[in-house]
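So the structure is just underneath, and the comments pick up after that.
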Amino acid sequence: MALTAHPDEARFHYHRGLTLMRLGRFDEAAKAFDSTAKGEPDRQGLRFLQQLTRLAAGRQEVSTDDLSAGEKGQLALLKGVQRGAGEDELASLVEKSMLPPEVQHVWQLLVQMHANSTSAPVTRLPAAVGEAETTINSTVLAYYVGVAAMRKGDEEAARTAWRQASRGLSSPWFLENRAGLLRQAAVALAQEERWQEVLDLSEADLLTDYEDSVLNETVGLANFHLGYTAAEAGLWLPALKHLRAANRHVSDRRLAQDLALAEEANDHWVNAAEAWREMARRRPRKSDHPDYLTDEQVAAIWSHASDCYGHVDEMGEAITCLKNAIKYAPDDLDLRMKLVDVYRYDDRNEAAINELDRILESHPDHVPALMRLAALLDENWYRDPEPIWKRVLRIEPENVEARDALAEIYIERASSHAPNNFLSRLTRRPEKDRIKELLAALEVIPDHPRLFAELGMAYVSTKKMKDARAYLRKAFDAAGRDVGVVGLVLHELLHADGGDDVKELVPQARQFPGLLASFWIEQGDQVLHCELGDEWAKLFWDEALELGHKRRGDDTKAYTLLRIYEVCNTHGEDALAELYEARIREEEPRSGGVEYVDAFHASQSDDSAARNKALRLIRKAQRVAQKAQEPGIEEMADRVEALFSGRMDRVFGLLDRFGPAGLLDILNDMDDEDLDELKHLF
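Start counting the sequence shown at 53; every next residue gets the next number (the numbering used here).
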């Protein structure tokens, strides 16, 4: 930073040169000292440092005329080392170097090591270095201490010494030798499958700047094995840590697969997807390789990567992966349909339609594609799905979805007329035309219960009650388990003077599995709405109460009675309401229903005292219902309490401010934490 700001400042170049020299980067150090000489040629000791670094870097020497005798002697010693002088000559040069005695002692030991490859002064050299540490580069000498330890076979001592040397030494020869030592130790441990011990080699030893493929591969292999073992034990977090570390050192298809699985197990879906993609890229390409993957397998990998992106709604990447999958399996219709579904999820309906068209060009009878296409066309008012649904029925005459969709089309077409105003009297289709169209529809989709029911209602409109009852009975028989049609038939039969039919069919409807009290309560509600007679409402509600007595689902007898009571009040049927209120008080006095009814009566007054009483009663209803294990009544009381207490005023205020659609958008944008806070407010 200082040199960048002041490139001509000699002292900055000088100190940079000193640092580079300590790191063993002699050529760069020599250049830094040359730059220093341009600004401060007379700096004390500079000429010696220039010559020293040039000599170490193998560069041309500068004049030594102005050097001291001691400096000249030290340079002569270094030249002797460089040209491979013998032990006696080097020893003589050490004596003439005029170095301090403690430094000369170090040099004598180094000369012995230089002359004799078996010399290993593992005790004397560290001691000598300790004595001379104030006047000599300890990082360089730490390297030679490590060399001595290596000659004695003490690898641990060598690693310790070289770890110290690494703090200030980065010359290539040091890094190469250190890598060799670490490689030797790591490989020996790996051969015995002592994987954790490979990693237990000092972190400082393993995280170095040099490149050593064998060492990197060994460390990666250790992490891979430890990650695999952790994954087998279900310890996915440590497995992920090891596999990620392995992935930094080695590149392998199986590693990418295990890493992808570990990322998935930790819900890191984007990382998992990228690992699957990497696995596909790293796969062997030659068919005779033992790990060769077929095109089908490669397609499966890309498809799974798409699924991972789908977990976090990265639909663009999900689509890209699916397209890659289809490149390897162009005839896999499941994959292509999956792409269609992803397009639809991402609101890219035109792309979905285009893909379906391509599928149907080569597979015109593929029913799932036809059904998806029909559903998409149905979402566009200007497109007609009817021909597509008919194609489905030609292939699968009993296809329920196609039959239902066509029935809806025909019913809407037969019933279409202008809005309910004076124009409707001019444009409404005559009932005979409606009946004609519905009968024609039955030719296309025979025995469809909704068409039978619509015909029955059409005949009611024409006062042909016998025909109406006949078609409504056919609708009931064809309904199967379609509770919606069954409920419609029971109601419309009452309009068709079919009371006897209703009495006959109710026991059959009673046998439907999973039928809840709500079905029968709704039937009674419709009776009161159409003013078809209280006795029919009571008939249906008796069925509801029987189910409540059996406690099917959350239904209980008390909850059912209270819901019936509310329906009666909604329609202003005071006499019926009094009847069911009496039953609540008599048959279910400890359910919370009595307090609920009392709260209702109190709320009818505009008097503030009465309304406060209503609030107290509804809160009591909450407590009693909770104690009686009546969740349905408790929920009803909760809703009323929110109104009575004014909590719902906040909701109404938000609705007034933002509107229903705007408020819904706000709620959809909230995360779980925001929603929890909102619940506390209300």
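Every residue gets a Cβ at the ideal spot worked out from N, C-alpha and C, and that includes glycine.
- First through last residue of the alpha helix (DSSP H) which encompasses Gly645: Within the sequence shown, the letter at position 593 stands for residue 645. Start and end: Gly645 to Ser655.
- Task: Taking only the alpha-carbon atoms, compute the straight-line gap between Arg752 and Ala137 and give it to the nearest angstrom.
- Result: This structure cannot speak to residue 752, because the chain is shown only from 53 to 734.
- Message: Report the CB separation of Ala128 from Thr88 in whole angstroms; it is logged as a contact under 8 Å.
- Response: As a working note, residue 128 is residue 76 in the sequence shown. As a working note, residue 88 is residue 36 in the sequence shown. The pair is not a contact, with the Cβ atoms about 24 Å apart (cut-off 8 Å).
- Message: Buried or exposed, going by whether 16 or more other CB atoms sit within 10 Å of the CB of Glu431?
- Response: The residue labelled residue 431 in the question sits at position 379 within the sequence shown. With fewer than 16 Cβ atoms within 10 Å of its Cβ, Glu431 is classed as exposed.
- Query: Just curious, the alpha helix (DSSP H) that Phe592 is in, first and last residue?
  - Reply: Translated into positions along the sequence shown, residue 592 becomes position 540. Unbroken alpha helix (DSSP H) run through Phe592: Asp586 to His601.
- Message: Does the stretch 61-75 come into contact with the stretch 85-100, if we say contact requires no fewer than three beta-carbon pairs (one atom in each stretch) closer than 8 Å?
- Response: yes
- Query: Which one of Ala589, Ala530, His601 and Gln134 has the shortest CA to CA distance from Tyr617?
  - Reply: Within the sequence shown, the letter at position 565 stands for residue 617. Comparing Cα-Cα distances from Tyr617 to each of Ala589, Ala530, His601 and Gln134, the minimum goes to Ala589.
- Straight-line CA distance for Glu269 to Arg333? Here residue 269 corresponds to residue number 217 of the sequence shown, with the count starting at 1. Here residue 333 corresponds to residue number 281 of the sequence shown, with the count starting at 1. Distance between the alpha carbons of Glu269 and Arg333 is about 19 Å.
- Query: Ala217 by DSSP, collapsed to three states: which one?
  - Reply: Walking along the sequence shown from the start, residue 217 turns up at place 165. Reduced to three states, the DSSP call for Ala217 is helix.
- Message: Please state whether the Cβ-Cβ distance between Pro683 and Asp607 is less than 7 Å.
- Response: Within the sequence shown, residue 683 is the residue found at index 631, counting from 1. Within the sequence shown, residue 607 is the residue found at index 555, counting from 1. Not a contact, by the Cβ cut-off of 7 Å.
- How would you call Ala661, buried or exposed, if buried means at least 16 neighbouring beta carbons within 10 angstroms? Walking along the sequence shown from the start, residue 661 turns up at place 609. Its Cβ having fewer than 16 others within 10 Å, Ala661 is exposed.
- Message: Ala520 and Gly508 - do their beta-carbons sit closer together than 7 Å?
- Response: Taking the sequence shown and counting its residues from 1, the one referred to as residue 508 is at position 456. Taking the sequence shown and counting its residues from 1, the one referred to as residue 520 is at position 468. Taking 7 Å as the Cβ cut-off, Gly508 and Ala520 qualify as a contacting pair.
- Cβ-based neighbour list, Asp60, same chain, cut-off 6 Å, excluding 5 preceding and 5 following: Mapped onto the sequence shown, residue 60 falls at position 8. No residues qualify anywhere along the chain.
- Query: Roughly how many angstroms lie between the CA atoms of Gly286 and Ala297, to the nearest whole one?
  - Reply: For the purposes of this step, residue 286 is taken as the residue at position 234 of the sequence shown. For the purposes of this step, residue 297 is taken as the residue at position 245 of the sequence shown. Computed Cα separation, rounded: 18 Å.
- N-terminal and C-terminal residue of the alpha helix (DSSP H) that Thr514 is part of: Translated into the one-based positions of the sequence shown, residue 514 becomes position 462. Careful: Thr514 lies outside any alpha helix (DSSP H) and carries neither H nor E.
- Query: In whole angstroms, what is the alpha-carbon distance linking Ala131 and Trp225?
  - Reply: As a first step, residue 131 is located in the sequence shown; it is residue number 79 there, counting from the start. As a first step, residue 225 is located in the sequence shown; it is residue number 173 there, counting from the start. What sits at residue 131 in the sequence shown is Lys, not Ala. Going by the C-alpha atoms only, they are around 19 Å apart.
- Every unbroken alpha helix (DSSP H) inside the stretch 372-453 [4 residues or more]: 385-397, 401-414, 419-430 and 438-447
- Message: Taking the straight line between their C-alpha atoms, what separation do you get for Pro173 and Leu234?
- Response: Locating residue 173 in the sequence shown gives position 121, where the first residue counts as 1. Locating residue 234 in the sequence shown gives position 182, where the first residue counts as 1. Their backbone Cα atoms lie some 22 Å apart in a straight line.
- Please confirm whether His301 and Leu278 have their CB atoms less than 7 Å apart. Counted from its first residue, the sequence shown places residue 301 at position 249. Counted from its first residue, the sequence shown places residue 278 at position 226. No, Cβ-Cβ distance for His301 and Leu278 is not below 7 Å.
- Item | Close Cβ partners of Ala457 (< 6 Å) along its chain, the five nearest in sequence each way excluded | In the sequence shown, residue 457 corresponds to position 405, counting from 1. Taken in chain order, the residues that qualify are Trp441.
- Message: Below 8 Å on the Cβ atoms is my contact criterion, and I expect Trp321 with His356 to pass it. Report the Cβ-Cβ distance as a whole number of Å.
- Response: By 1-based counting over the sequence shown, the position of residue 321 is 269. By 1-based counting over the sequence shown, the position of residue 356 is 304. About 11 Å separates the two Cβ atoms, so there is no contact after all.
- For Gln681, I'd like the list of residues in its chain whose CB is within less than 7 Å of its CB, leaving aside the five on either flank, ordered along the chain. Residue numbering aside, residue 681 sits at position 629 when the sequence shown is read from its first letter. None.
- Query: Does the separation of the CB atoms of Ala351 and Tyr361 fall below 7 Å?
  - Reply: Position 299 of the sequence shown, counted from the first residue, corresponds to residue 351. Position 309 of the sequence shown, counted from the first residue, corresponds to residue 361. No, these two residues do not count as a Cβ contact at 7 Å.
- Would Gly737 be called buried (16 or more neighbouring beta carbons within 10 Å of its own) or exposed? No information on residue 737 is available, as it lies outside the stretch 53 to 734 that the chain covers here.
- Query: Quick one: Cα of Ile284 to Cα of Asp347, how far?
  - Reply: Numbered from 1 along the sequence shown, position 232 holds the residue referred to as residue 284. Numbered from 1 along the sequence shown, position 295 holds the residue referred to as residue 347. It should be pointed out that residue 284 corresponds to Glu in this sequence rather than to Ile. So the two alpha carbons sit approximately 28 Å from each other.
- With His500 as the anchor, note down where its alpha helix (DSSP H) starts and where it stops. Locating residue 500 in the sequence shown gives position 448, counting from the first residue. That residue, His500, is in no alpha helix (DSSP H); it is neither H nor E in DSSP.
- Query: Are the CB atoms of Trp288 and Ala314 nearer to each other than 7 Å?
  - Reply: Reading the sequence shown from its first residue, position 236 is the one you call residue 288. Reading the sequence shown from its first residue, position 262 is the one you call residue 314. Going by C-beta atoms, Trp288 is nearer than 7 Å to Ala314.
- Task: Put Lys338 into one of helix, strand or coil per three-state DSSP.
- Result: For the purposes of this step, residue 338 is taken as the residue at position 286 of the sequence shown. The answer is coil: DSSP assigns Lys338 none of H, G, I, E or B.
- Task: Could you give the DSSP three-state label for Phe564: helix, strand or coil?
- Result: For the purposes of this step, residue 564 is taken as the residue at position 512 of the sequence shown. It is coil, neither helix nor strand.
- Which same chain residues, not among the five before or five after Met700, have their C-beta less than 6 Å away from its C-beta? For the purposes of this step, residue 700 is identified with residue 648 of the sequence shown, where counting begins at 1. Its pLDDT being 45, under 50, Met700 is placed unreliably in this model, and the coordinates cannot settle the point.
- What three-state label does DSSP hand Ala548 in the structure shown? For the purposes of this step, residue 548 is taken as residue 496 along the sequence shown, with counting starting at 1. Of the three classes helix, strand and coil, the one that applies to Ala548 here is coil, per DSSP.
- Could you check where the alpha helix (DSSP H) with Ser660 kicks off and where it finishes? Here the question's residue 660 lines up with position 608 in the sequence shown. Ser660 -> alpha helix (DSSP H) spans Ser660 to Lys679.
- Query: Candidates Trp433, Trp328, Gly368 and Glu208: which alpha carbon is nearest Asp398's?
  - Reply: Indexing the sequence shown from 1 puts residue 398 at position 346. Considering only alpha carbons, the answer is Gly368.
- Since I believe Ala381 is in contact with Asp395 (beta carbons under 8 Å), could you give me their beta-carbon distance rounded to a whole number of angstroms? As a working note, residue 395 is residue 343 in the sequence shown. As a working note, residue 381 is residue 329 in the sequence shown. According to the sequence provided, residue 395 is Tyr. The question's Asp does not apply to it. The pair is not a contact, with the Cβ atoms about 18 Å apart (cut-off 8 Å).
- By Cβ distance, which residues of its chain are closer than 6 Å to Asn472, with the 5 residues on each side in sequence left out? On the sequence shown, residue 472 is found 420 positions in, with the first residue counted as 1. Unreliable placement is indicated for Asn472, whose pLDDT of 45 sits below 50; the coordinate value is still reported in the next sentence. So the list is empty, once near-sequence residues are dropped.
- Query: What is the residue span of the alpha helix (DSSP H) that Thr88 lies within?
  - Reply: For the purposes of this step, residue 88 is taken as residue 36 along the sequence shown, with counting starting at 1. Where Thr88 is concerned, the enclosing alpha helix (DSSP H) stretches over Phe78 to Gly91.
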